[in-house]
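In full-length UniProt numbering, the protein residues as written are 1 to 531.
The beta-carbon is built from N, C-alpha and C at its ideal position, and this holds for glycine as well.
Only a predicted model underlies this, so the values are computations on that prediction, with no experimental measurement involved.
Notes to accompany the following structure.
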Amino acid sequence: MSTAVSAPGKVLLAGGYLVLDRTYTGLVFGLSARIHVLVHDIASSSGVEISEIIVHSPQFQAASWNYGYNLVKERGGVHVTQLQGLPSPLSLSSRVEEESRSELLIARQFGLFVQRSCIIECSSSEGYSAEPSSRNPFVQTALEYALTYISTVLPASQKIEPTKLTILADDSYYSNPPQSTVTPDSRFSDFNVTLKQAHKTGLGSSAALVTAFTGALLSHYLPRSSFDLASTEGKNILHNLAQAAHCAAQGKVGSGFDVAAAVYGTCIYRRFSPSILSSLGEPGSKDFASRVKSVVDNTSTMKHENWDTEISSNSVSVSKGYALVMCDVDCGSETVGMVKKVLEWRKNDPDGSKKLWDALQISNESLASALSSENKEDVTSAFSAVREKIREMGTASGVPIEPAEQTELIDAVTAAVPGVLGGVVPGAGGYDAIVLLAQDDEATVGNINNFLKKWMAEHQNGVVKLLEAKGELEGARLEDVKVYAFIVFENVPRMFQIKHVDGNFLAYPGKIVLSFTPPPNFVALQDIVAV
């Protein structure tokens, strides 16, 4: 069985800084840029028990993680341990000969998987030993929290079976120029760098990853009667569990607007009280699984542990024919330092900051209402009102929330390009990005691109480019696994062939299939051979 779930990135159009306080709200949009997670069963030989989960991110170098898992005593949940490397196929060759080659032992050892009875076997003329991957806290923490919750829902007699997960990201999450696609017919780029070398564009990749990863595991392991991603209850479960895992991976309880957007899509968001997650404790501790289930299902008898977040996902839209578009400004901002300084200003000037934040909240609400207006002047005025208050906050706190360079850029593109109604520096502000509301047509997009090229040539103070990502209303969703056919990664010293019903072969030298959805004319197990 295979399962695929995707979750969108985010842009906080209005409510930067305010969203940290439950008194105020944030206007957050989901984006068309998505993180995709595929889950596939790993079958094992008869009598062989495997407690292993394999995770790959084939768009990046050295992005492979193997995890062992076991149930902890005293309801401590599921403990996840990263395993180091993979064994050489040469060391397995004698054992493989003794077992039926139609079994999946060799495929499991190589990190492959089966779908619709199509098995790919590999052989090699040289040994293969994977280098130990660096730790990925978001993947490992999401896995630990998801398996822990799953263990509380499944019957005690039902074992969590081994699986393989493939993580794929749309291009807009990274400013690294793609070297090629993962395969010729794939929409997913090969960035040809490690994850540490990748330059993020600030679209909420970690929140989208944790959400899609968690949603895929829940959808794969749990029956529809226990978890249905398409239902309101299912989204609430995913939201609560993803918030807990994301905060644990970060080592702090954030506002959570990015996870909310990943789950529900575009919404007006009021944060949850941090105390809700403070009672969870450490994974593996006594009754950790019980506490996770209570928090996720929102069944605690303690008032301070009940979810109080407010998410309005049906009250925001943009007028027909328009869309939010993202511009990546590759200069960089120290977001953490900016937030710290703004909060210090608020602490030192409680009366002045409250007055300004109250006024900004009103402007943000007016913008949320104006976005769907047919009156273009109302939309432009609403953007201007928000930006004015943002600049006031920047001046008062000494933080460049809307720097002069960004002010000049937004004003210029709004004035020069027909169809652009306005824009803001999103989120915490700074030099990283701008977001514009513009007509959603090729001519306007082309005019924005031409303007940005001219702007860069004249100003020479950073790279500004229009991303493919646009505002999108929908949140996390199940996907058709057929969309992800032929996802492979390169530079592995093996060759395999897959036989068609017409007797011909497809050969893929030096590649391993990570995600294989066979077309109808592919045949079954006995006709797939190793080279």
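Cβ neighbour criterion (16 or more within 10 Å) applied to residue i
| i | result |
| --- | --- |
| H220 | buried |
| Q61 | buried |
| L393 | Looking at the sequence provided, one finds Met at residue 393 rather than Leu. Burial call: buried. |
| R271 | buried |
| A443 | exposed |
| H304 | exposed |
| G430 | buried |
| P58 | buried |
| K293 | buried |
| G15 | buried |
| P137 | exposed |
| S125 | Bear in mind that a pLDDT of 30 at S125, under 50, signals an unreliable position, so the number given afterwards is only what the model happens to contain. Label assigned to S125: exposed. |
| R224 | exposed |
| E408 | exposed |
| L27 | buried |
| E374 | exposed |
Own chain partners of residue i with C-beta closer than 6 angstroms, once the 5 adjacent residues on each side are dropped
| i | result |
| --- | --- |
| G9 | L31, A33, L203, G204 and A208 |
| V325 | L436, A438 and K470 |
| S317 | S372 |
| V263 | T211, K235, L238, H239, G475 and A476 |
| I390 | I401 and E402 |
| S363 | A385, V386 and K389 |
| I311 | A260, Y264, C267 and Y269 |
Cβ neighbours of residue i in the same chain (closer than 7 angstroms, five flanking residues each side left out)
| i | result |
| --- | --- |
| V399 | M338, K341 and V342 |
| D170 | A33 and R34 |
| S175 | H199, T201, D328 and D330 |
Through-space distance from residue j to residue i, alpha-carbon basis
| i | j | result |
| --- | --- | --- |
| S151 | S226 | 12 angstroms |
| Q460 | A404 | 15 angstroms |
| F197 | Q243 | In the sequence as displayed, the identity of residue 197 is Gln instead of Phe. Going from the Cα of Q197 to the Cα of Q243 covers about 26 angstroms. |
| S134 | Q361 | 42 angstroms |
| L466 | S189 | 17 angstroms |
| I50 | V39 | 16 angstroms |
| L12 | A43 | 43 angstroms |
| L143 | I160 | 12 angstroms |
| R291 | G422 | 46 angstroms |
| G284 | S64 | 24 angstroms |
| I54 | A216 | 14 angstroms |
| S384 | A370 | 12 angstroms |
| Q406 | A146 | 41 angstroms |
| V424 | A323 | 14 angstroms |
| A396 | W345 | 8 angstroms |
| V295 | P426 | 31 angstroms |
| D441 | P155 | 52 angstroms |
| A249 | P418 | 44 angstroms |
| K355 | G256 | 25 angstroms |
| V153 | L218 | 10 angstroms |
| A428 | T25 | 14 angstroms |
| H56 | W357 | 44 angstroms |
| L18 | S2 | 41 angstroms |
Own chain, CB closer than 8 angstroms to residue i, minus 5 neighbours either side, in chain order
| i | result |
| --- | --- |
| S6 | R34, I35, H36, V37, A212, A476, R477 and E479 |
| F288 | V72, R75, G76, G77, T148, L280, G281 and E282 |
| V259 | A207, V210, T211, H239, A242, Q243 and H246 |
| V253 | C247, P274, L277 and S278 |
Check whether the stretch 208 to 216 touches the stretch 25 to 45, taking contact to mean three or more Cβ pairs, one atom from each stretch, closer than 8 angstroms.
Segments in contact, yes.
Measuring CB atoms only, is the stretch 227 to 243 touching the stretch 160 to 179, in the sense that at least three cross pairs come out at less than 8 angstroms?
Because the criterion of three Cβ pairs below 8 angstroms is not met, the stretch 227 to 243 and the stretch 160 to 179 do not touch.
May I have a chain-ordered list of the beta strand (DSSP E) segments no shorter than 3 residues that lie completely inside the stretch 421 to 446?
Segments of the beta strand (DSSP E) lying fully in the stretch 421 to 446: 433 to 439.
What ranges does the beta strand (DSSP E) occupy inside the stretch 39 to 79, keeping only unbroken runs of at least 3 residues that lie completely in it?
When DSSP assignments are scanned along the stretch 39 to 79, the uninterrupted stretches of beta strand (DSSP E) that are 3 or more residues long and fall wholly within it turn out to be 52 to 56 and 64 to 71.
Counting pairs of Cβ atoms below 8 angstroms between the stretch 410 to 424 and the stretch 376 to 390, do you hit three or more?
Contact between the stretch 410 to 424 and the stretch 376 to 390 is present, because at least three Cβ pairs lie under 8 angstroms.
Runs of alpha helix (DSSP H) wholly within the stretch 289 to 364 (minimum 4 residues, chain order)
Fully enclosed alpha helix (DSSP H) runs of 4 or longer: 335 to 348.
Whole beta strand (DSSP E) runs in the stretch 226 to 254 with 3 or more residues, listed along the chain?
You should have found no qualifying run.
Which runs of the alpha helix (DSSP H) spanning at least 4 residues fall entirely within the stretch 250 to 286, listed in chain order?
The stretch 250 to 286 contains these whole alpha helix (DSSP H) runs: 257 to 264 and 275 to 278.
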